Amino acid sequence: MTDSIESGAVADGQGRNLPPLQLHVPEPPARPGESADFTHFDIPAADAAPRPDEATHPSQMRDFAYGLVRVLDEDGRAVGAWDPKLPADTLLRMLRYMALTRAFDGRMFRAQRQGKTSFYMKSTGEEAVSIGAALALSRDDMCFPSYRQQGILIARDWSIVDMMNQIYSNKGDRMKGRQLPIMYSAREAGFFSISGNLTTQYPQAVGWAMASAAKGDTRIAATWCGEGSTAEGDFHSACTFASVYRAPVIMNVVNNQWAISSFSGFAGAEATTFAARAIGYGIAGLRVDGNDVLAVYAATRWAADRARANGGPTLIEHFTYRVEGHSTSDDPTAYRSAEESSKWPLGDPIARLKQHCITLGIWDEERHAAMDQELAEMVRDAARDAEKNGILGHGLHHPMESMFQDVFEDMPWHLKEQQQQMLDEWKAAGL
């Protein structure tokens with residue numbers, strides 16, 4: 049006797065006719081040439097989310113991982129329980145830092161296109177994520193950034209000439225040309241060295257926070273990664289340690305909808321939110337409008353207060369959009385709709401804060417235009433100063449022997465021999 053096979057069914061060897069299994073492959077809402085559509089996003093009203101007490105147990109915060117903390121409404125007003133009620137000078141400082149970050153990005157992008165450096169990554173559309181957090185944290189809290197948080201250094205008044213020196217890998221580069229451009233390191237600014245390996249900063253941040261708690265310090269840690277990086281093992285290891293030891297750390301997931309050329313669905317966005325990853329670990333989770341700098345500030349301040357009160361870690365998903373390509377090596381028109389950036393429903397973070405300041409009567413279009421001009425000139429002058437130290441194509445900017453230095457406190461004998469051999473061959477070649 050043979051098994052009867054229904055249409056599309058497969059016999060499993062036990063007399064059962066089962067439908068064939070199907071593999072789900074995520075597909076973005078729109079490809080190049082198609083119309084962008086964000087109607088599937090649920091954007092709640094700006095005043096919809098309540099603000100829980102900082103001591104709330106993670107088990108009582110499930111809804112916050114699926115909602116969206118917002119402050120600025122469509123009319124530019126700050127509304128709701130999360131409104132941080134910041135003074136005018138702080139609002140204008142936020143606006144200036146975001147505008148400076150964008151001007152810096154624009155100048156360095158052009159420098160790469162002119163062949164002055166090999167690589168650059170812009171943060172256009174994501175400035176609020178860095179600036180809002182930097183101003184909510186204490187100056188001595190330790191930041192473990194990814195490669196699109198240059199705004200943290202800018203908001204901490206770090207020298208943009210120093211940042212440009214690193215991008216050019218010139219003789220003024222504190223990293224001595226050993227790091228890929230944009231992978232800054234500034235211990236004095238509480239800015240841990242950026243790594244090109246995805247999410248290595250997460251367990252480092254958690255470990256630093258654990259050490260701070262073990263020593264009885266008062267400083268907390270904050271770290272950032274993209275939504276695609278939540279698929280890395282380091283992310284989950286960090287969540288486990290943070291949860292078990294209640295580390296005073298803020299773990300930021302910047303959901304800008306796209307990893308290098310694959311949309312967020314490949315990291316799990318179709319199934320749930322990224323803030324919901326906190327639930328399974330027993331961590332407080334918040335999902336925030338990442339284009340609303342006041343919401344970012346308020347959520348970061350809430351998480352920082354919680355950490356300082358020994359309430360444990362917080363995971364914050366910043367729901368935002370990457371306007372530009374992943375880097376200067378990327379062409380986003382090859383994999384996504386050209387309309388996306390203009391149709392993004394949460395707008396532009398700088399334009400939204402500008403509108404808010406104008407609504408309050410503390411700002412106007414004329415002053416904003418003057419500020420943009422001033423910042424453009426400031427960045428231009430800084431670039432000229434940095435370029436005096438050298439750019440790509442000007443040859444070596446650091447002594448050859450320096451490649452053997454800064455690894456061991458005392459250089460071992462075998463490295464000394466290798467260093468001398470290299471210098472002898474270099475001299476013999478007439479270089």
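This note's numbering applies: residue 49 is where the sequence shown begins, and numbers increase by one. We put the beta carbon where it would ideally sit given N, CA and C, even for glycine. Keep in mind it's a predicted model, so treat the numbers as computed, not measured.
For the candidate residues the options, whose alpha-carbon lies nearest to that of residue i?
i, options, result
"residue 333", "70, 116, 89, 94", "116"
"residue 127", "119, 134, 133", "119"
"residue 231", "206, 193, 238", "193"
"residue 438", "164, 273, 135", "164"
"residue 444", "219, 357, 456", "219"
"residue 134", "404, 156, 468, 106", "404"
"residue 356", "215, 64, 131, 261", "261"
"residue 80", "379, 69, 478", "379"
"residue 98", "361, 393, 114", "114"
"residue 335", "318, 137, 362, 309", "362"
"residue 369", "414, 275, 324", "275"
"residue 388", "448, 256, 77", "77"
"residue 426", "207, 344, 138", "207"
"residue 73", "249, 441, 313, 384", "313"
Got a sec, what are the start and stop residues for the alpha helix (DSSP H) residue i sits in?
i, result
"residue 254", "249-262"
"residue 149", "136-161"
"residue 177", "175-184"
"residue 283", "281-293"
Using 10 angstroms around the beta-carbon of residue i, count the other beta-carbons present and answer buried if the total reaches 16, otherwise exposed.
i, result
"residue 89", "exposed"
"residue 366", "buried"
"residue 203", "buried"
"residue 474", "exposed"
"residue 123", "exposed"
"residue 482", "Outside the displayed range of the chain (49 to 479) lies residue 482, so it cannot be described from this structure."
"residue 461", "exposed"
List the whole-angstrom C-beta distance separating residue i from residue j, where the pair is believed to meet the contact cut-off of C-beta under 8 Å.
i, j, result
"residue 289", "residue 254", "5 Å"
"residue 212", "residue 351", "So it is not a contact: roughly 32 Å between Cβ atoms."
"residue 201", "residue 176", "The pair is not a contact, with the Cβ atoms about 16 Å apart (cut-off 8 Å)."
"residue 348", "residue 184", "4 Å"
"residue 302", "residue 272", "6 Å"
"residue 144", "residue 174", "Actually they are not in contact, since the Cβ atoms of residue 144 and residue 174 sit about 17 Å apart, beyond 8 Å."
"residue 399", "residue 209", "Between residue 209 and residue 399 the Cβ distance is about 28 Å, and since that is not below 8 Å, they are no contact."
"residue 228", "residue 280", "About 19 Å; that fails the 8 Å criterion."
"residue 152", "residue 375", "Not really, about 16 Å apart at Cβ, beyond 8 Å."
I need the DSSP call for residue i, collapsed to helix, strand or coil.
i, result
"residue 367", "strand"
"residue 355", "helix"
"residue 455", "coil"
"residue 192", "strand"
"residue 215", "helix"
"residue 202", "helix"
"residue 50", "For residue 50, the predicted model reports a pLDDT of 47, less than 50, meaning its position is unreliable; a value from the coordinates is still stated below. DSSP places residue 50 in coil when its eight states are reduced to three."
"residue 474", "helix"
"residue 342", "helix"
"residue 109", "coil"
"residue 246", "coil"
"residue 266", "coil"
Where do the ends of the beta strand (DSSP E) carrying residue i lie?
i, result
"residue 16", "The chain is shown only over 49 to 479; residue 16 falls outside these bounds and no answer can be derived."
"residue 270", "269-274"
"residue 333", "332-337"
"residue 299", "297-303"
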